[in-house]
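J.: Protein chains in written order, with the numbering used here: chain V, 1 to 326; chain F, 1 to 326; chain H, 1 to 327; chain A, 1 to 327. Here it is: the structure, laid out below.
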Amino acid sequence: MREITLGQAIKEALAEELRRDPTVFVMGEDVAEAGTAFKVLKGLVEEFGPERVIDTPISEAGFTGIGLGAAMTGLRPVIDIMFGDFLTLVMDQLVNQAAKVHYMSGGKLKAPLVVRTTLGATRRSAAQHSQSLHAWLSHVPGLKVALPSTPYDAKGLLKTAIRDDNPVVVFEDKMNYQQRGLVPEGEYTIPFGVADVKRPGEDVTIVATSSMVVAALEAAELLAREGISAEVVDPRTTVPLDEETLIRSAVKTSRVIVVDEGYERYGVTAELASVITAGAFYHLDAPVRRIGAMHVPIPFSPVLEDLTVPNAAAIVEAARELCGRR
Amino acid sequence: MREITLGQAIKEALAEELRRDPTVFVMGEDVAEAGTAFKVLKGLVEEFGPERVIDTPISEAGFTGIGLGAAMTGLRPVIDIMFGDFLTLVMDQLVNQAAKVHYMSGGKLKAPLVVRTTLGATRRSAAQHSQSLHAWLSHVPGLKVALPSTPYDAKGLLKTAIRDDNPVVVFEDKMNYQQRGLVPEGEYTIPFGVADVKRPGEDVTIVATSSMVVAALEAAELLAREGISAEVVDPRTTVPLDEETLIRSAVKTSRVIVVDEGYERYGVTAELASVITAGAFYHLDAPVRRIGAMHVPIPFSPVLEDLTVPNAAAIVEAARELCGRR
Amino acid sequence: MTEEITAQLRANPEPWLEAYRRMLTIRHFEEQVDDLYRSARMPGLAHLYAGEEAVAVGVCMALRDDDYITSTHRGHGHCLAKGASVDRMFAELLGKEPGYCRGKGGSMHIADQERNNLGANAIVGGSAGIATGAAFSARRRGTDQVAVCFFGEGALGQGLLYEAMNMASLWRLPVIYVCENNLYNEYTSYRETTAGELTARPRAFGIPGQEVDGQDVLAVHAAAGQAVERARRGDGPSFLVCHTYRFYGHHVGDVDRAYRTREEERAWRDRRDPLRLLAGRLLEAGVDPARLERIEEEVVTEVRNGVDFALQAPYPDPSEVSQHVYA
Amino acid sequence: MTEEITAQLRANPEPWLEAYRRMLTIRHFEEQVDDLYRSARMPGLAHLYAGEEAVAVGVCMALRDDDYITSTHRGHGHCLAKGASVDRMFAELLGKEPGYCRGKGGSMHIADQERNNLGANAIVGGSAGIATGAAFSARRRGTDQVAVCFFGEGALGQGLLYEAMNMASLWRLPVIYVCENNLYNEYTSYRETTAGELTARPRAFGIPGQEVDGQDVLAVHAAAGQAVERARRGDGPSFLVCHTYRFYGHHVGDVDRAYRTREEERAWRDRRDPLRLLAGRLLEAGVDPARLERIEEEVVTEVRNGVDFALQAPYPDPSEVSQHVYA
Ligand SMILES: Cc1ncc(C[n+]2csc(CCOP(=O)(O)OP(=O)(O)O)c2C)c(N)n1
Ligand SMILES: Cc1ncc(C[n+]2csc(CCOP(=O)(O)OP(=O)(O)O)c2C)c(N)n1
Ligand SMILES: [Mg+2]
Ligand SMILES: [Mg+2]
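Rendered as structure tokens:
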């Protein structure tokens, strides 16, 4: 297996699917010549041409709608929303249109649409370029939501998303495109709704999504030195959610921390905590600990921004408390 | 005290605030001559004129943005978004702009903006006119979210919203405008973040929001006949949330049901359940039971639509189970 | 013009008799819907298309079966004009299982996949992207299909339309924007909500815009035909503003209609009824009045049978509630 | 025209010397920002306004202190042109406590409440509603303030702008839309993203649109002055398309700029530098070259002092992180 970056894994997934299926295309702002603002797709347009890797005006709602219309009529668009914060502009197209068209038509119309976008702070980009809004989309029936945390997952989940007959929103951690990881040469996909135990453990379960998986693994490493064995579970998709794996781990360890970079209140941590509590209540030593972003707009100043995002230290502290080590 | 409808209570609140403060104005589609699509504001334009009760084009994002600009420069707009489903169109103006401007400007700019909109299904209006999207807004720091369930609360909360220096989204249950209730003649406001115990009880706590308060009270009545004493607690605002009152009731009864008409997954019930579990874990007999809308787009057909919305029967059943009565 | 059209009619009245049948079907369908509402046999509300029949029929007559349309909350007319059957439409409006969407969509979401009707949309302007995307798709897939986006003049208030038109123009997509200007956005005159000239809007994006008498099915058809040809040739999008009027209220429950006068309504009904205008022309062109009567009888029967079918049809099984959330 | 302007300058060069000072301040400010980035002393990125100075300064010179502006991600120039001070701006860009937003906004969100700068906006087109609302507010409050909405030509892709313009036109609001056409939406030529003629966009909503040489501060000022007068008179909105060019990349990290040629850049820098054009005119009009040199010295000192101030300023206290979420 080779080691490649998360960005390369994404490009590979797209290139393979573009090659495999002529109905696939990529559309968004600066995706072609510039290869996206994050340079992740650099080179794609050279292989597939500007008819399949398409630069758009700055019209998120418009081109998401066009993507949807294309999806309803035989194509498989991959729409690029540069920053997750701009999802605010496409909520109608995604939620009132794409998510509902299959149901509203009694199963006759389909919208095999993929939206790739980002989440995550600490890029010093301030309040309008740092949000993690995946809770919103996860709330909406008809949508699926994938949150890859490694190059391997990023490639496999994106390929699955493209082949799925439903609208799927894939959130990528924008700080993570350079993260390296092992990815096999051959073709593979990762089924939705299957959590991945990123590290097995016995004493405490850390359920972590996307950007927070790295922090959770770091925390697990630190905890190991103190003799606390942490299991790190990555749901990989919030919809569908692999409740079973989460609950099984909770039953085993009796102590659970849920970490997600979205806002804590009314966010993903609340749902995961509730699902785990409902399924493992009588096995839990203590209530599930939630760790999400501080409930403030993300500030620009680095000294403030870093306070708003969960990190390994916060996870370690929560784990110690849960395990009665303080 | 007089008995008036929830719709009348809202109109009274607006009329009083329009009279009291010349900077207040109302803006939206068909709010003036037609008095809104629900006829709730009928007559308001006659008293205050078309300069203060303003019909707009069908441009939700545009007039919400205009409201925001007006709010930032000395006015107090009350923006009408006819159906809560159309919030999809104004998420950028509400979330990236209004919610953040005070923080991003280091406390210098303010956005005393009120958005009135609706939630709730069973009006046979199908998937794009029936959603309850208050979880999204509750997820966003910088916004406050009010969910009145009675004429009394509707009036008092709306007046508080208008006087608040922050953007506030008020969700009204569109099926509830004709509901009657006691409302004092005199002026009053209701502070945000103060839950209301709509019915005291001992055996089980039913935390219910907005449209679900009626269902919860109905359930409590039915349960009383079976000898189960249910306490019905209405948080009234999801942001700020009166965690204390919720937890206190949970500690008292040891059994909690949370009911909200939004989708259950990644919705308001998850947050309320998590907050209560965190605060009352060692007092709870069983995990908090969540009851929200079924995770499907709201279907048109009445025989299907009615299945998607929580009702008194479902609450009764959950309460019986929690109390070991089956 | 009038002479030319009379000549056209006289030479071959058949297509216009078919247009007459479709328009009349819409009219009777809508009257029946109103009746279902008044007699409390229909759940919810509906927005009637009566008065605007010439627009949908004139445009759809210029289309092939495999061309796409997107429709609006006022969508029964578009759906029927594109060829849907009356019985399954009634069934949908009543929330019944044989409805086009198994009763799950209802009046505001009727779609007809078999005839590439991508569906009514209850979000004003909400289908501007979808129609443009269907046109994009036709081009990418190398077909010569075109897409028609129907919308009320109220949708001119929605920014999405401009975003979509800009891309349609840049990429010369085979899409036709059909603006049905029935003078009202719900209960507000469009003059209070719409600045400038209507056809200047598409022109601002390099799209030709044309005003059409929306009560004259021949005029609509002629303008639509040109736009369709242009689109099929690969010359890009067009925009038609069809001036029309809804004979009923905004929806079936809008009965007092304080926002407009009874005189205005009467004037349109008396002098600008698209059915009477077409019937007059057909007779003028020498068509036997008996043919029109026969068509009317057939339509009345079809609508009556359709509504009976729907009333007797079963509701979907409760288990359907959680089907079709995901494909 | 040239003669008229020379006469104007000769008659009273003082305002244009002030314009020169502001433009030069922006230029030196931006060069300093670039330096801060390259030397890794600034967190994040910034979008430099160098090359476009005549637009912000020409427009803001036509405004009163109490008039409103809204700005963009490329907002330093607007902020300075409206009268903000260099030191507090640098402090903001470095995330320091004395910054205009206490370091919480940063480059993309600088606002200056004291001069009614309602803030930069990192959502392209995101302030179209806000500026229009400020104009609405001025009118409702009975003042004669006007509001200016600055945006790049990329914002023509955002539907919100059209929604706002429609209402501004209907309600004759005192707002001026200033489109800074610097030829690129990030890394894509505006010709690939923008159909039709730019000034046809406002005209479609009944708003007069005018093209202006954005490198010529006198021309910008003249056009803005007319628009401001019109707005104050109550005659409604205007739209200016200012043709301009950014001398740096899209942001400070955009150094290879493969999407445009070095020749094009050189041509603009050599022949269309708004500072050199203004300096030339001032000299032509008889201004002593020493005055320009003095201004430059003062500006250089101000910028140097400003950056020193900011570098030494404290960061906000950690407790600030949860302040100002709610008012
Ligand atoms: C985005 C949105 N805003 C508001 C509404 C409520 N609404 C339904 S129909 C309508 C008026 C539409 O007017 P127009 O587009 O002219 O169509 P018409 O009803 O006249 O056919 C409004 C405001 C909606 N459905 N969607
Ligand atoms: C809604 C939105 N979409 C995309 C972006 C990313 N983005 C930032 S600047 C920019 C280009 C803006 O071009 P233009 O409006 O011409 O302004 P310029 O940078 O040329 O001054 C883009 C696409 C954004 N900030 N907001
Ligand atoms: Mg209309
Ligand atoms: Mg530009």
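Quick reminder that beta carbons are idealized off the backbone N, C-alpha and C, glycines included. These numbers were taken from a predicted model, which means no experiment stands behind them.
Does the distance from the C-beta atom of R289/F to that of I247/F stay below 8 Å?
T.: no
J.: In or out: R102/A buried (at least 16 other Cβ within 10 Å) or exposed?
T.: buried
J.: Using a Cβ-Cβ distance under 8 Å, would G119/H count as near chain V?
T.: yes
J.: Could you name the residues of the same chain whose beta carbon sits closer than 6 Å to that of M108/A, not counting the 5 residues immediately before and after it, in chain order?
T.: H73, A120, A122
J.: As a quick check of your reading: which residues have a C-beta less than 7 Å from at least one non-hydrogen atom of ligand 3, in chain order?
T.: G152/H, E153/H, G154/H, E180/H, N181/H, N182/H, L183/H, Y184/H, N185/H, Y190/H
J.: S238/A lies in the beta strand (DSSP E); which residues open and close that run?
T.: Counting along the chain, the beta strand (DSSP E) containing S238/A begins and ends at 238-243.
J.: If contact means a Cβ-Cβ distance below 7 Å, which residues of the region 305-320 of chain F contact chain C?
T.: Any reference to chain C falls outside this structure, whose protein chains are V, F, H and A.
J.: Using C-beta distances below 8 Å, list every residue in its chain close to A154/F, excluding the 5 sequence neighbours before and after it, in chain order.
T.: L6, A9, I10, A13, P148, E172
J.: What does A273/F reach in chain H if we use C-beta pairs closer than 9 Å?
T.: Correct list: empty, because the minimum Cβ distance to chain H is about 22 Å.
J.: With a floor of 4 residues, list each alpha helix (DSSP H) that falls wholly inside the region 95-147 of chain H, ordered by position along the chain.
T.: You should have 128-140.
J.: Do L119/V and G84/V have their CB atoms nearer than 8 Å?
T.: yes
J.: Which residues of the region 111-145 of chain F have a Cβ closer than 7 Å to any Cβ of chain A? Give them in chain order.
T.: P141, G142
J.: Quick one: what does DSSP say T188/A is sitting in, helix, strand or coil?
T.: strand
J.: Does any residue of chain H bring its CB to less than 8 Å from the CB of M27/F?
T.: Chain H, which has no Cβ nearer than 8 Å to the Cβ of M27/F, makes this no.
J.: Is any heavy atom of ligand 5 found at a distance shorter than 7 Å from the C-beta of E163/H?
T.: Absence of ligand 5 is noted for the structure shown, with ligand 1, ligand 2, ligand 3 and ligand 4 being the only ligands found.
J.: Can you tell me whether G49/F is buried or exposed? The criterion is at least 16 other CB atoms within 10 Å of its CB, across all chains shown.
T.: exposed
J.: Under 8 Å by Cβ, that's how I've got Y329/A and A147/A pegged, so tell me the actual separation to the nearest angstrom.
T.: This structure gives no information on residue 329/A, because the portion of chain A shown stretches from 1 to 327.
J.: Going straight from the alpha carbon of G292/H to that of S301/F, what length do you get?
T.: Strictly speaking, residue 292/H in this sequence is Leu, with Gly absent from that position. So the alpha carbons of these two residues sit roughly 37 Å apart.
J.: Less than 7 Å between the CB of L41/F and some heavy atom of ligand 1, yes or no?
T.: no
J.: Nearest to T73/F by alpha carbon, out of G95/A, N12/A, F136/A?
T.: F136/A
J.: Spatial neighbours of P314/A within its chain, please: CB distance less than 6 Å, with the 5 preceding and 5 following residues excluded, ordered by chain position.
T.: For P314/A, where only same-chain residues beyond five positions count, the Cβ hits under 6 Å are E97.
J.: Can you list, in chain order, the residues of the region 183-209 of chain A whose Cβ is nearer than 8 Å to any Cβ on chain V?
T.: N185, E186, Y187, T188, E192, T193, T194
J.: Rounded to whole angstroms, what's the CA-CA distance from V233/V to T209/V? Just pull it up for me.
T.: 8 Å
J.: Could you tell me which of H28/H, R304/H, V241/H, R294/H sits nearest to F150/H, measuring between CA atoms?
T.: Of H28/H, R304/H, V241/H, R294/H, the residue nearest in Cα terms is V241/H.
J.: Going by DSSP, name the residue or residues bridged to R27/A.
T.: Answer by DSSP bridge pairing: none, since R27/A is not bridged.
J.: So, using beta-carbon positions, are A81/A and I26/A closer together than 8 Å?
T.: Between A81/A and I26/A, the gap from beta carbon to beta carbon is short of 8 Å.
J.: Going by Cα to Cα distance, which pick from D308/H, V175/H, R281/H is closest to F239/H?
T.: Relative to F239/H, the option among D308/H, V175/H, R281/H whose CA is nearest is V175/H.
J.: Quick check: the region 49-65 of chain F against the region 154-169 of chain H, are at least 3 beta-carbon pairs closer than 8 Å?
T.: yes
J.: Compile a chain-ordered list of the residues in the region 184-197 of chain V whose CB is closer than 7 Å to at least one CB of chain F.
T.: none
J.: According to DSSP, is R76/F helix, strand or coil?
T.: strand
J.: Once the 5 residues before and after Q178/V are set aside, which same chain residues still bring their CB inside 6 Å of it?
T.: T5
J.: So, for R88/H: in the same chain, excluding its five sequence neighbours on each side, which residues have a beta-carbon less than 7 Å away from its beta-carbon?
T.: P98, G99, Y100
J.: So, is the C-beta of L89/F closer than 8 Å to a C-beta in chain V?
T.: yes
J.: Between the region 93-117 of chain H and chain F, which residues of the former have CB atoms less than 7 Å from a CB of the latter, in chain order?
T.: Correct list: G95, G103, K104, G105, G106, M108, H109.
J.: Return yes when the C-beta of T72/A is under 7 Å from any heavy atom of ligand 1, and no when it is not.
T.: no
J.: Once you ignore the five residues that flank A161/F on each side, which residues in its own chain have a CB closer than 7 Å to its CB?
T.: Excluding sequence neighbours, A161/F sits near V114, A146, V168, V170.
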